[in-house]
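*Asks:* Letter 508 of the sequence shown, counting from 1, is numbered 508 in UniProt numbering, and no numbers are missing. In this text, a Cβ means the ideal position worked out from N, Cα and C, and glycines have one as well.
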Amino acid sequence: MVEFEDGHGPTNIRNVVTDSTVHYLVQIGVLNGELHLTVPPRAGAAETPLGLAEERLARSLLYQWRAEADAWDMADPEPLAVRWVHSRTALAPGAELGGRGDRVGTMAEALLGLDHRRLLILGGAGAGKTTLAVLLTLELLARRLTRGEDVPVPVMLSLESWDAERVNFHDWLAGRITEEHPGLPRVDGLHPARRLVSERRLLPVLDSLDELPEHRRTAVLGALGRQLGQEGGVVLICRTEPYRQLVATQRDVLRVDSAIEALPLAPGDVASYLHRARQPSRAAQWAPLLADLRTAPGSPVSRALSTPLMVWLLRRGYERAPADPGELLDRGRFATAWQVEQHLLDRIVPASFPPLPPAPDRLHPPRRWEPDRARAWLSFLARLMNRQDTAELAWWRLFGAPLPRALAAPALIVVGIALSVLIDLGLGAVGGSGHPFGFGTAVGLGVALAGLVRTAGQGWFGDETSTPRRRVNPLRFAGALRSAGRNGRLGRAWRLTVVIGGPPVILTLVVLQLLAPAAEGLALVAAVLLSAYLMVALAAPSDTVDAATPDSLLRSERTSVLVTLLVLAPLLAAGIGLMDWSRTHLYRYHQVDWSYPLATWCGAGATFLLLSPWSRWLLARCSLALVGRLPWTLMTFLRDAHRAGLLQRTAGTYRFRNLRLQQHLAAKAGPRSGGRGGSGTAGVPAPRATPDGATPVATGPLADLTLPPASTWRGLTVRRDPDSYLLTGRVRAVMLAHWGPLGALLGLHLVRITVSGTWDRLDSWKPIVGVPALGLLVMLISLLRRRHIELHITDTFIAARTGRHRCRYEWRDVDEVAVRRVHLRGRDTPVHGIHVRPRTGAPLPPARWRGRDGWYLVQPMNVVRTLPPDLTEALAELSGGRWRP
């Protein structure tokens, strides 16, 4: 609008734009005076303190996710056209929403038009689910901040930190916003997160549902359905297959307005995207590949580039000279899509750790890691996971690497002697009247009592004592008992007896000791019982699926170590002190010397410290970093690898983005020192391609071992007909279970002789030779015994006999049958066996057959996961589709 005065030049020029979007404004003319730019605010948006906080949160999220999108090449002006179609997998009776990834504005408009604004995003691994969620988040934020639309603020979060069984969804959402955005303007003196949640001003965008363990997925989905209410919107992201399994077995399922699922990329769309994304100067190098995508949709390259992940790897790996994308057309090197994918996976680490510094607006920017060293570290971790036959990367399992285990005994001796010197110096400074038994005896007694308390914990938890412990909080004693009960391997009756009868017994012993000093041992018994009770209640192994992050587990373990030093060890020392006081009161043969209980505390504290998961983690991290296998700042590196997309986080553990990546990195040999060097094979076979392109499940170093048919095994007889398979015979079994307790006893003895200062005596070292000799003797004796075994498989049941014990499962009561590790007396053994997973409501066998995670043992087989081919064939034919190889 232009205004004139008295026929002269313009005096007032205004550009008024309504109901439109202006990206660029060009004004031609001479500017005299001031220039005023006015953007009308959304009605009532920032007129209140809550509105101001809402705008500040939206702007902070915009900066954060814009930086993340730039880091992952999501903010392309012309993004990859991923096609999204309506999915019938979920309970979504509403609108059939769909669209393309390069038209996010249309999909955002459709989302806002849904009745409850509930959208489910499904797809396979690498299909672009998280990318779409980030782009939708940015689109909604842009509509709000630049166009003044009254839309809720999208808040994208991972579900890993939500314990749906204990914390309400709205409380968790408000807590996460408070934690990540503490500087928002206060409303009535409080952080505005809770007000924003309660007034439905937020749209949660929830990722990582498929990364949760199965029982937590069920709890999360049910809690969302109950707690969102009628007006609560949500965008939920999950892989298709886990969600399909979830809705097939769960009654309480979140109902959404619409569900969309990613289709495989069309080769023509990939060619168009790469044509736009390539550098003009490299058009000649890209031309052959683009032509192949357009003209040969069934070629290995076209089939390999069916997911955004592989397209991203291709673009990042070949964007700079001298890399030539035309080499992927060489049928001699790349005859299958799997070979093309393997080649692209070689480039994922350099693409994830670029040499350029990260954007300053990223909430948690990764450090700059040298790609070659990062690949060597990840390769080592992948090989270690393969040796441990697991897909989970847990920091407390690093101690299972060969080097830390070899250094365990020498490190225990060195540290124990050092602690012995410090204890002598400290007790010498404290002084004392001279106890008749001496300080060395007191320290050794503390070690023995601490070992007794740890044995009680191991008796309760089994193998779980080697895992990190829960965050100790004495004010949440009920939660501590719940954790102890969930992880305990004792029967329900025994657990109730200990929980209910423990405190009265301990209190009675203490009262009797005070009333009758002549009963000099009661105080010590009470102290040991109370310490064991607290060890069980407050230092329970953490249920890692309930932990927020691996870092929080590590902090919890450090807290638990501190509590054992400041609570459990002093209790044992107090028991010694009361017993000594009773003896002095009764016999009066020496004065009470309180430095004697102090020496007991030193011995007990040293035992708790040296035998804790935290000390094993410290040894593993330092030893592996010294030889260049891992970085010194390992947890920081793992966090950065997770943010870069190489790792996923499943509660308290990490895992590689997919099993294909783990196997690929495991097949690469890392450098011997310093993290540098070339690559090559490391003795770990590359995974075999399956007919459907899926990644094989077997990950251990013996996974590819081929066994002869069971009918050729000595001592076994196999009878096979079309309707049954019967294996009978007598076999010798080598006993291995005793090595765990003997190893713990040997470690405790090393702590005792080093910390108590008796390491310089020859007699103290005799058990170091005697204990292993005893273990070998037990193994030889076990070989003398032959047990009768029987395995009978028909089209109606599977039954087994091992010695005197029998079990039988009807196929109609079984969901799955697979080979898993045998779980015996609370411990995972090295032996694998055939297991079944019963259907819900099916009759269950005795507890002796119960394994982990709802599986039940049928027959132990071997130390490798591979079964004889004739047995595998029988399971596949007679189980009615229940066999999971």
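1) Pull up the distance between the alpha-carbon of alanine 284 and that of histidine 116, whole angstroms please.
2) Which whole-angstrom value is the C-beta distance of serine 87 and leucine 159, which I expect to be below 8 Å?
3) If you reduce the DSSP assignment to three classes, tell me which class tyrosine 725 lands in.
4) Identify the continuous alpha helix (DSSP H) that holds proline 597 and give its terminal residues.
5) Identify, in the order they occur along the chain, each residue of the same chain with its Cβ nearer than 6 Å to the Cβ of leucine 305, setting aside the five sequence neighbours on each side.
6) Compare the Cα-Cα distances from glycine 729 to each of Asp721, Gly770, Ser764, Thr802 and report the closest residue.
7) For tryptophan 883, list the residues DSSP reports as bridge partners.
8) Under DSSP, the beta strand (DSSP E) around phenylalanine 797 begins and ends at which residues?
9) As an exercise, report each continuous beta strand (DSSP E) stretch of at least 3 residues that is fully enclosed by the stretch 163-244, in chain order.
10) Of all the options Gln339, Thr130, His191, Tyr318, which has the alpha carbon lying nearest to the alpha carbon of valine 235?
11) For asparagine 862 and threonine 218, I'd like the C-alpha separation in whole angstroms.
12) Helix, strand or coil for leucine 419 per DSSP?
13) Counting along the chain, where does the alpha helix (DSSP H) carrying serine 552 start and finish?
14) DSSP has valine 771 in a bridge; who is on the other side?
15) From what residue to what residue does the beta strand (DSSP E) around valine 155 run?
16) From Ala842, Gly51, Gly440, Glu341, pick the residue whose C-alpha is nearest to that of tryptophan 759; which is it?
17) Sort out for me which residues DSSP pairs proline 860 with in a bridge.
18) Just to confirm my understanding: we take leucine 265, look at its own chain, exclude 5 residues before and 5 after, and list those with CB closer than 6 Å. What are they?
19) Report yes or no: do the stretch 182-193 and the stretch 49-59 share at least 3 C-beta pairs separated by less than 8 Å?
20) For alanine 262 versus alanine 127, is the C-beta distance shorter than 7 Å?
21) Taking the C-alpha atoms as reference points, what is the distance between alanine 689 and alanine 337?
22) Give me the Cα-Cα distance between residue 908 and threonine 600, rounded to the nearest whole angstrom.
23) In the DSSP assignment, what are the bridge partners of valine 731?
24) To the nearest angstrom, report how far apart alanine 807 and leucine 875 are at their CA atoms.
25) Among the candidates Leu221, Arg144, Arg201, whose CA atom is the shortest distance from the CA of glutamate 165?
26) Spell out the partners DSSP gives glutamate 810 in its beta bridges.
27) Are the CB atoms of tryptophan 377 and leucine 630 nearer to each other than 7 Å?
28) How about glycine 833 and proline 860: do their beta carbons lie closer than 7 Å?
29) Thinking C-beta only, is arginine 882 closer than 7 Å to glutamate 790?
30) Cα separation between proline 410 and proline 404?
31) According to DSSP, simplified to helix, strand and coil, what is threonine 872?
32) According to DSSP, what are the bridge partners of arginine 118?
33) Would the beta-carbon of valine 443 fall within 7 Å of that of cysteine 602?
34) Under the three-state reduction of DSSP, which class applies to threonine 633: helix, strand or coil?
35) Which class does arginine 865 belong to by DSSP, given the choice of helix, strand or coil?
36) Compare the C-alpha of glutamine 227 against each of Leu254, Thr249, Leu206 and name the closest.
*Replies:* Quick answer:
1) Cα to Cα, the separation comes out at about 50 Å.
2) About 20 Å; that fails the 8 Å criterion.
3) Reduced to three states, the DSSP call for tyrosine 725 is strand.
4) Looking at the DSSP string, the run of the alpha helix (DSSP H) that includes proline 597 is 595-610.
5) Around leucine 305: Val270, Val311.
6) Between glycine 729 and the set Asp721, Gly770, Ser764, Thr802, the nearest pair of CA atoms involves Thr802.
7) Per DSSP, Val817.
8) In this chain, the beta strand (DSSP E) harbouring phenylalanine 797 covers 797-802.
9) Counting only runs of 3 or more, we get 202-207, 234-239.
10) Considering only alpha carbons, the answer is Thr130.
11) Between asparagine 862 and threonine 218, the C-alpha separation is close to 34 Å.
12) DSSP places leucine 419 in the helix class (H, G or I) of the three-state scheme.
13) Where serine 552 is concerned, the enclosing alpha helix (DSSP H) stretches over 550-563.
14) In the DSSP output, where bridge partners are listed per residue, valine 771 has none listed.
15) Start and end: 153-158.
16) Taking only the C-alpha atoms, the option nearest tryptophan 759 is Gly440.
17) Gly833, per the DSSP bridge assignment.
18) Cβ neighbours of leucine 265 beyond the five flanking positions: Ser306.
19) Three or more beta-carbon pairs separated by less than 8 Å link the stretch 182-193 to the stretch 49-59, which places the two stretches in contact.
20) For alanine 262 and alanine 127, yes; Cβs fall inside 7 Å.
21) Its pLDDT being 36, under 50, alanine 689 is placed unreliably in this model, and the coordinates cannot settle the point.
22) Nothing can be reported for residue 908: it is not among the residues displayed for the chain, which extend from 1 to 885.
23) BP columns for valine 731 point to Arg787.
24) A small correction: the amino acid at residue 807 is cysteine; alanine does not occupy that position in the sequence shown. Spanning the two alpha carbons is a distance of roughly 17 Å.
25) Ranked by Cα distance from glutamate 165, the first of Leu221, Arg144, Arg201 is Leu221.
26) DSSP lists Phe797 as partners of glutamate 810.
27) Yes, they are a contact pair.
28) The Cβ atoms of glycine 833 and proline 860 sit closer than 7 Å to each other.
29) Not a contact, by the Cβ cut-off of 7 Å.
30) Taking the straight line from one Cα to the other gives about 10 Å.
31) Correct three-state label for threonine 872: helix.
32) Paired residues: Val234.
33) Closer than 7 Å, so yes.
34) Annotated three-state conformation of threonine 633 is coil, per DSSP.
35) Looking at arginine 865 - three-state DSSP - the assignment turns out to be coil, as it is neither helix nor strand.
36) Comparing Cα positions, the closest option is Leu254.
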